[in-house]
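Engineer: The structure is given below, and queries will be raised subsequently.
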Amino acid sequence: MPYAITKDQYRDEWVVAFQRGETYLKDSVTREIMISGLNAKFALQGAAGRMTERGTNGLIPSRNRTDTQPTITLKEKHSKETQTGFNVFTAPANLREAMQNAGALTASREVDYTITDALATATNVYAGGTAQTLTYGKVVDELSALWQNNVMPGAEITCLWTPKAWARLLTFNQFLSADYVDAKPLAGLALDRPKMWLGAKHIMHTGLPGMGTATASNFIFAKPAVGYAIASGDIQVESGYNGEDDYSWDRATLYDGATILQQAGVLKVVTDDTAAFT
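The opening residue of the sequence shown carries number 3 in this note's numbering; numbering runs sequentially from there.
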């Protein structure tokens, strides 16, 4: 028989729940840092057509180019947590530290949510929105849809894939072979890290709409196609203690917004995340 009185030991450091805690996307879009104000206005230069010949009247025709000014309106976003002094005292590990970590991680994820929400408004959808099972040929064809809109690799193209779509890429020899990519394939923990391939940066992302369903949204876009505005200082993280009511608090604050500046530079690719692997 086991002895009637036993001893328990409690770990005094937090094991953090699985969650996204960094943003890759704010460096993949056209970012404007705002010192003050509500709206960020982007100056978008219109495309010029072909050259013309001198007219019969002896004059050179003037170009008819249209410049536009897309606008992003900042939104105020917060994540706040409070814990009583008793909860802090009785917690098995530093509860104030956990509160601050949670706030910072939440704010980092929100940056990506803001950008993916904007990407979800894309009007160009590959194959009319029919769910795809990715192949090497289809990925090349999807990229070519942007190339046809004069979006070249020099425009810093980014491909966002759900984990299932990313796993599909890992079945392509072309995605793993050093003959096609600069980074060593599967080196260390690089399996899930962004990599350059086919002239584009490929990123696995767990915050895409419909992830894990038969109609998951993936996005291919160029940096000049998406605008993102954020208040100077990026993410505000504050914490403190209220002595009158004996509670600790933590707050993360973000003022930001995003929009598609040029629809021609964004393509939504719907994939079937439920499709079996063979």
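We put the beta carbon where it would ideally sit given N, CA and C, even for glycine.
(1) Kindly indicate the opening and closing residues of the beta strand (DSSP E) around T86.
(2) By how many angstroms is the C-alpha of T75 removed from the C-alpha of L46?
(3) If you follow the alpha helix (DSSP H) that D258 is part of, which residue opens it and which one closes it?
(4) Comparing alpha-carbon positions, which option in W168, E240, E246 lies nearest D275?
(5) Are there 16 or more other CB atoms within 10 angstroms of the CB of H80, so buried, or fewer, so exposed?
(6) Could you compute how far the alpha carbon of D236 sits from the alpha carbon of T173?
(7) If you follow the beta strand (DSSP E) that N41 is in, where does it begin and where does it stop?
(8) Rounded to whole angstroms, how far is the Cβ of D258 from the Cβ of A231, which I believe are closer than 8 angstroms?
(9) In the structure shown, what three-state DSSP assignment does F279 receive?
(10) When we look at the beta-carbon of L188 and count the other beta-carbons within 10 Å, is it buried (16 or more) or exposed?
(11) Look at N220 and T164 and say whether their C-beta atoms are less than 8 angstroms apart.
(12) For Q134, tell me which candidate among P63, E246, V271 has the shortest Cα-Cα distance.
(13) Where does D194 land, buried or exposed, given buried means 16+ other C-beta within 10 angstroms?
(14) For R114, is the classification buried or exposed, using 16 other Cβ atoms within 10 angstroms of its Cβ as the cut-off for buried?
(15) Counting only the same chain and skipping the five closest in sequence on each side, list residues whose C-beta sits under 8 angstroms from that of D69.
(16) Considering G242, what are the terminal residues of the beta strand (DSSP E) in which it resides?
Structural biologist: Per the coordinate set shown:
(1) As a working note, residue 86 is residue 84 in the sequence shown. Residue range 77-86 is occupied by the beta strand (DSSP E) that includes T86.
(2) Here residue 46 refers to the residue found at position 44 of the sequence shown. Here residue 75 refers to the residue found at position 73 of the sequence shown. Cα-Cα distance, rounded: 17 angstroms.
(3) Start at 1 with the first residue of the sequence shown, and residue 258 comes out as number 256. Counting along the chain, D258 sits inside no alpha helix (DSSP H); it lies in the beta strand (DSSP E) bounded by residues 249-262.
(4) Working through the sequence shown from its first residue, we reach residue 275 at position 273. With distances taken between Cα atoms, D275 lies closest to W168.
(5) On the sequence shown, position 78 is the one that residue 80 refers to. Around the beta carbon of H80, a 10 Å sphere encloses fewer than 16 other beta carbons of the protein chains shown; the residue is thus reported as exposed.
(6) Looking up residue 236 in the sequence shown gives position 234. Looking up residue 173 in the sequence shown gives position 171. Those two C-alpha atoms are separated by around 38 angstroms.
(7) Locating residue 41 in the sequence shown gives position 39, where the first residue counts as 1. Looking at the DSSP string, the run of the beta strand (DSSP E) that includes N41 is 41-43.
(8) Translated into the one-based positions of the sequence shown, residue 258 becomes position 256. Translated into the one-based positions of the sequence shown, residue 231 becomes position 229. The pair is a contact, with the Cβ atoms about 6 angstroms apart (cut-off 8 angstroms).
(9) Working through the sequence shown from its first residue, we reach residue 279 at position 277. Three-state result, F279: coil.
(10) Here residue 188 refers to the residue found at position 186 when the sequence shown is read from its first residue. Note on L188: pLDDT 47, under 50, position unreliable in the model; the coordinate value appears next. Here L188 is exposed, its C-beta having fewer than 16 other C-beta atoms within 10 Å.
(11) One-based indexing of the sequence shown puts residue 220 at position 218. One-based indexing of the sequence shown puts residue 164 at position 162. Here N220 is near T164, since their CB atoms are less than 8 angstroms apart.
(12) Taking the sequence shown and counting its residues from 1, the one referred to as residue 134 is at position 132. The residue with the shortest Cα to Cα distance from Q134 is V271.
(13) Taking the sequence shown and counting its residues from 1, one reaches residue 194 at position 192. Exposed, by the Cβ-count rule.
(14) Translated into the one-based positions of the sequence shown, residue 114 becomes position 112. The displayed chain sequence assigns Asp, not Arg, to residue 114. Buried: at least 16 other Cβ atoms inside 10 Å.
(15) Residue mapping note: residue 69 aligns to position 67 of the sequence shown, counting from 1. Sequence-distant Cβ neighbours of D69 in its own chain, meaning closer than 8 angstroms and more than five residues away, are A45, L46, Q47, G48.
(16) As a position in the sequence shown, residue 242 is number 240, starting the count at 1. Taken as a continuous stretch (DSSP letters only), the beta strand (DSSP E) holding G242 covers 238-244.
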